[in-house]
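Student: Protein sequence lines correspond, in order, to chains A and B.
Those letters in the first sequence? Residues 2 to 147, by the numbering used here.
Those letters in the second sequence? Residues 11 to 186, by the numbering used here.
Backbone N, C-alpha and C fix where the C-beta goes; we use that ideal spot for every residue, glycine too.
Next up is a structure, given as structure tokens.
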Amino acid sequence: MRHHLILRVITKLLVGMIMLFALYVQFHGDYSPGGGFQAGVIMAVAFILYGLVFSVGQVQQVFPPWLVHKLVALGVLIYAGTGVYSMLTGYAFLDYGALSPDHPEHGQHWGILLVEAGVGITVTAVMVSIHYAFVGRTPMISDEEW
Amino acid sequence: MVNAIAVVRTRSLFAVAMLSGAFSLLSALLFVTLDAVDVAFTEAAVGGGISTVLLLGTLALTTRFERHAEHSPFLPLFVVIVTGAAIIYGTLDMPNFGDPSAPVHQHVGPDYLARSPHEIGVPNVVTAILASYRGYDTMGETAVVFAAGIGVMVLLSGLRRRRRRDGSIEDREEDG
């Protein structure tokens, strides 16, 4: 894999920007289009692109499969945990007013932030793990075959 | 339309994967013209990006050219035409595009629009509805994504692990 120089350089430039854009979509979802689902997919694309251009081994050093599998569950846990927390503090399930009782509107902001973070984490991890699962079974294809 | 016909006609599955990615981007543009920016965003990211990559990954696992169909294409064509005609017949009753008196704009929509600025305080009403008013639904969606991920992992990587365990048992037997 010492060839494809242009692809490799451009990928290195792009991966950081894609991740920044994913974070922007994630945390700016309150003000502009986007949110957890979209941000999660974009973040996963950064890892998948890196894995495609370099190798699965290299991307798995950065984002090892065991971590990905834990994150798949962590996102759902964050989401459900927010709901359980609001239940424990005497509000309805997923009533974000519980997060800031004096100022329910701030509570809503916090709740949406947490919940979207949960969605984003799960979507990223699921997409990356599906990609790992596909690539893990693939025999390396020589460039001549394409 | 041209794109869809090209997808059906082409035998090279690599070209089909690329064309379906282009189709997703085109439908994302369609969603933008319908002012559904969030949906367009998702379509562009998931349909144009991830699906294409996953299709390519599948291609690497299987063959790259479609086999010639063995059965006649007339029955599927008939089903498609009847379904399409039924759908188009259904659209005849739909209100005009952007009609303010359409049932969609009369039900809960105005309520959300009126309440979300002072109840949620988030400028993007789509986010407010998704994450707060419809929090249960979004949690269900997250759980669906979670389940899908688990399913793919079990299907694609479970087999290999079992084979490896069989191998290790055989190794041990040979050692014993």
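(1) Is the Cβ of V16/A closer than 8 Å to any Cβ of chain B?
(2) To the nearest angstrom, how far is it from the Cα of I97/B to the Cα of H29/A?
(3) 8 Å is my cut-off, CB to CB: does S101/A come that close to chain B?
(4) Just to confirm before moving on: does the CB-CB distance between F182/A and L166/B stay below 8 Å?
(5) By the 7 Å beta-carbon criterion, what residues does the segment 24-52 of chain B contribute toward chain A?
(6) Taking its Cβ as the centre, do 16 or more other Cβ atoms sit within 10 Å of P34/A, making it buried, or is it exposed?
(7) DSSP three-state label for S126/B, please.
(8) Report yes if the CB atom of E117/A is closer than 8 Å to the CB atom of A141/B, and no otherwise.
(9) When burial is assigned at 16 or more other CB atoms within 10 Å of the CB, is M149/B buried or exposed?
(10) Looking only at its chain, what residues have a beta carbon closer than 6 Å to the beta carbon of Y97/A, apart from the 5 residues adjacent to it on each side?
(11) If we define contact as Cβ-Cβ less than 8 Å, is G150/B a contact residue for chain A?
(12) Relative to the alpha-carbon of S130/A, which residue among S56/A, G119/A, L72/A has its alpha-carbon at the smallest distance?
(13) Which of the three DSSP states, helix, strand or coil, is assigned to E184/B?
(14) Tell me which residues share the same chain as Q27/A and place their Cβ nearer than 6 Å to its Cβ, disregarding the 5 neighbours each side in the sequence.
(15) Considering Cα atoms alone, identify which of A54/B, A157/B, F84/B, L29/B is closest to L39/B.
(16) Give the straight-line distance between the Cα atoms of G17/A and A47/A, rounded to the nearest whole angstrom.
(17) What is the C-beta distance between S30/B and L65/B, in whole angstroms, given that I count them as a contact (C-beta under 8 Å)?
(18) Helix, strand or coil: how does DSSP classify Y143/B here?
(19) Quick check on DSSP: helix, strand or coil for V132/B?
(20) Kindly say whether D181/B, judged by its beta-carbon, lies nearer than 8 Å to any beta-carbon of chain A.
(21) Rounded to a whole number of angstroms, what is the C-alpha to C-alpha distance between V60/A and A126/A?
(22) Does the beta carbon of S61/B sit closer than 8 Å to a beta carbon anywhere in chain A?
(23) Is any beta-carbon of chain C found at less than 8 Å from that of A141/B?
(24) DSSP on R173/B, reduced to helix/strand/coil?
(25) Using a beta-carbon distance below 8 Å, is L95/A in contact with chain B?
(26) How would you list, in chain order, the residues of chain A whose beta-carbon sits under 8 Å from the beta-carbon of F156/B?
(27) For V63/B versus I49/A, is the C-beta spacing smaller than 8 Å?
(28) Could one say the Cβ of M104/B lies closer than 8 Å to chain A's Cβ atoms, at least one of them?
(29) Please state whether DSSP places H29/A in a helix, a strand or coil.
(30) Counting only beta-carbon atoms, is P133/B nearer than 8 Å to chain A?
Tutor: This is what the structure gives:
(1) Locating residue 16/A in the first sequence gives position 15, counting from the first residue. It does not: the Cβ of V16/A has no partner Cβ on chain B nearer than 8 Å.
(2) One-based indexing of the second sequence puts residue 97/B at position 87. One-based indexing of the first sequence puts residue 29/A at position 28. Distance from the CA atom of I97/B to the CA atom of H29/A, rounded to whole angstroms, is 38 Å.
(3) For the purposes of this step, residue 101/A is identified with residue 100 of the first sequence, where counting begins at 1. Under the Cβ criterion of 8 Å, S101/A is not counted among the residues facing chain B.
(4) The shown model of chain A, from 2 to 147, leaves out residue 182/A, and the question about it has no answer.
(5) Taking 7 Å as the Cβ-Cβ cut-off against chain A, the residues of the segment 24-52 of chain B that qualify are V47, D48, F51, T52.
(6) Counted from its first residue, the first sequence places residue 34/A at position 33. A buried status is given to P34/A, since no fewer than 16 other beta-carbon atoms sit within 10 Å of its beta-carbon.
(7) Residue mapping note: residue 126/B aligns to position 116 of the second sequence, counting from 1. Helix at S126/B.
(8) By 1-based counting over the first sequence, the position of residue 117/A is 116. By 1-based counting over the second sequence, the position of residue 141/B is 131. In terms of Cβ geometry, E117/A and A141/B form a close pair [threshold 8 Å].
(9) Here residue 149/B refers to the residue found at position 139 when the second sequence is read from its first residue. Result: buried.
(10) Position 96 of the first sequence, counted from the first residue, corresponds to residue 97/A. So the qualifying residues of the chain are G108, Q109, G112.
(11) Stepping through the second sequence from its first residue, residue 150/B is reached at position 140. G150/B does not count as touching chain A.
(12) For the purposes of this step, residue 130/A is taken as the residue at position 129 of the first sequence. If you compare the alpha carbons of S56/A, G119/A, L72/A with that of S130/A, the shortest gap goes to L72/A.
(13) On the second sequence, residue 184/B is found 174 positions in, with the first residue counted as 1. Note on E184/B: pLDDT 41, under 50, position unreliable in the model; no value is reported.
(14) Counted from its first residue, the first sequence places residue 27/A at position 26. Scanning its chain for C-beta atoms nearer than 6 Å, with the 5 sequence neighbours on each side dropped, one finds around Q27/A the residues A40, G121, in chain order.
(15) Within the second sequence, residue 39/B is the residue found at index 29, counting from 1. Answer by Cα proximity: A54/B.
(16) Residue mapping note: residue 17/A aligns to position 16 of the first sequence, counting from 1. Residue mapping note: residue 47/A aligns to position 46 of the first sequence, counting from 1. A straight-line Cα-Cα distance of about 8 Å links G17/A and A47/A.
(17) The residue labelled residue 30/B in the question sits at position 20 within the second sequence. The residue labelled residue 65/B in the question sits at position 55 within the second sequence. Rounded, the Cβ-Cβ distance is 7 Å, consistent with contact.
(18) As a working note, residue 143/B is residue 133 in the second sequence. Y143/B: helix per DSSP, three-state reduction.
(19) By one-based count along the second sequence, residue 132/B stands at place 122. In the three-state reduction of the DSSP assignment, V132/B falls in the coil class.
(20) Sequence index remark: in the second sequence, residue 181/B carries index 171 (1-based). Since pLDDT at D181/B reaches only 43, below the 50 mark, its modelled position is unreliable, and the value read off the structure follows with that caveat. The Cβ of D181/B sits no closer than 8 Å to any Cβ of chain A.
(21) Residue numbering aside, residue 60/A sits at position 59 when the first sequence is read from its first letter. Residue numbering aside, residue 126/A sits at position 125 when the first sequence is read from its first letter. Answer to the nearest angstrom: the Cα atoms are 13 Å apart.
(22) Stepping through the second sequence from its first residue, residue 61/B is reached at position 51. By this cut-off, S61/B is not an interface position.
(23) The chain labelled as chain C is not found among the protein chains of the depicted structure, namely A and B.
(24) What you label residue 173/B is simply residue 163 of the second sequence in a count that begins at 1. Note on R173/B: pLDDT 49, under 50, position unreliable in the model; the coordinate value appears next. Here R173/B sits in helix by DSSP.
(25) Position 94 of the first sequence, counted from the start, is the residue given in the question as residue 95/A. The C-beta of L95/A comes closer than 8 Å to at least one C-beta of chain B.
(26) Within the second sequence, residue 156/B is the residue found at index 146, counting from 1. Under the 8 Å cutoff, chain A gives V73, A74, G76, V77, T123, V127.
(27) The sequence position of residue 63/B within the second sequence is 53, counting from 1. The sequence position of residue 49/A within the first sequence is 48, counting from 1. Yes.
(28) Working through the second sequence from its first residue, we reach residue 104/B at position 94. No, because no Cβ of chain A sits closer than 8 Å to the Cβ of M104/B.
(29) Against the first sequence, residue 29/A aligns to sequence position 28. Look at H29/A here: in three-state DSSP terms it is coil, with no helix or strand label.
(30) Within the second sequence, the letter at position 123 stands for residue 133/B. By this cut-off, P133/B is an interface position.
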